[in-house]
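Under numbering that gives the first Met the number 0, residues 0 to 162 are what the sequence shown spells out, in order. By construction, the Cβ of each residue, glycine as well, lies at the ideal position given by its N, Cα and C atoms. What you are looking at is a predicted structure, and each value in this text was computed from that prediction instead of being measured. Okay, structure first, notes after.
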Amino acid sequence: MLVSCGANDIPIGPASLNSRFTDEQPALSGNGRFLAFVSNRYGNQQLLVFDLETQTLIRTPGLNRGETIAESPSLSYTGRYICYLTSDQGRPVVTLYDRATQQSQILTPTYRGWIRNPHISPDGRYIAFESASRGQWDVEVLDRGPTVELDIPNGATVNVPPQ
Numbered sequence: 000m001l002v003s004c005g006a007n008d009i010p011i012g013p014a015s016l017n018s019r020f021t022d023e024q025p026a027l028s029g030n031g032r033f034l035a036f037v038s039n040r041y042g043n044q045q046l047l048v049f050d051l052e053t054q055t056l057i058r059t060p061g062l063n064r065g066e067t068i069a070e071s072p073s074l075s076y077t078g079r080y081i082c083y084l085t086s087d088q089g090r091p092v093v094t095l096y097d098r099a100t101q102q103s104q105i106l107t108p109t110y111r112g113w114i115r116n117p118h119i120s121p122d123g124r125y126i127a128f129e130s131a132s133r134g135q136w137d138v139e140v141l142d143r144g145p146t147v148e149l150d151i152p153n154g155a156t157v158n159v160p161p162q
């Protein structure tokens, strides 16, 4: 069922989900609690995270840098990891933000070619994206490795492959 609401029905403000500015490119965490999106509500394009349970914006220190544009967000299961595109020396790069450590890390610093549409796996280990390194758009998967701290629900078991 589709429901429409008038402009007067939408709570609008700097800390609400919607604003009077452009809010776009939504991505939902696997558990449905967090929503990452790109917004222009503070005068420049930023990646914001909204907690749908508490109806508040989440602080993400170190996520947005003033001189770059962040876009195409993707969240892991609990929203711990946020994968997104940003620019480094004028080229798009896949970047990972860890909400637990409040650190950003460029995952494709020496990658040749254009990159778009990154998506992180629910557990945060794999990142799929499109690349044009061969002159056409191809799909690539980046494995962050077996030692990465996985984003799994509390109490969930992890299958460790035999060594």
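If we ignore side chains and look at the alpha-carbon of each, how far apart do Ser103 and Ala69 end up? The residue labelled residue 103 in the question sits at position 104 within the sequence shown. The residue labelled residue 69 in the question sits at position 70 within the sequence shown. Each residue's alpha carbon lies about 12 Å from the other.
Contact between the stretch 111-127 and the stretch 35-50 (3+ Cβ pairs under 8 Å): Segments in contact, no.
Quick test of the definition: if touching needs 3 or more C-beta pairs under 8 Å, does the stretch 27-43 touch the stretch 99-116? Counting Cβ pairs under 8 Å, fewer than three are found: no touch.
With DSSP as the reference, please indicate the residues paired to Val138 in a beta bridge. As a working mapping, residue 138 is identified with position 139 in the sequence shown. In DSSP, Val138 forms a bridge with Glu129.
Taking 8 Å as the threshold (C-beta atoms), are Arg58 and Asp150 in contact? In the sequence shown, the residue the question calls residue 150 occupies position 151. In the sequence shown, the residue the question calls residue 58 occupies position 59. The answer is no: Cβ separation not under 8 Å.
May I have the straight-line CA-CA distance separating Leu62 from Arg32, to the nearest angstrom? The residue you call residue 62 lines up with position 63 of the sequence shown. The residue you call residue 32 lines up with position 33 of the sequence shown. Those two C-alpha atoms are separated by around 19 Å.
DSSP beta-bridge partners for Ser103? One-based indexing of the sequence shown puts residue 103 at position 104. Looking at the DSSP output, Ser103 bridges to Tyr96.
Do you know offhand how far Gly29's Cα is from Thr77's? For this step, residue 29 is matched to residue 30 along the sequence shown. For this step, residue 77 is matched to residue 78 along the sequence shown. CA-to-CA, the gap between Gly29 and Thr77 works out to about 6 Å.
Could you tell me which uninterrupted beta strand (DSSP E) segments, each at least 3 residues in length, are contained entirely in the stretch 25-111, listed from first to last along the chain? Whole beta strand (DSSP E) segments, 3+ residues: 33-38, 45-50, 55-57, 70-74, 80-87, 90-97, 102-105.
Note down, in chain order, each residue of its chain lying with its Cβ closer than 6 Å to the Cβ of Ala26, except the 5 sequence neighbours on either side. Taking the sequence shown and counting its residues from 1, the one referred to as residue 26 is at position 27. Here the set comprises Ala35, Pro72, Ser73, Leu74.
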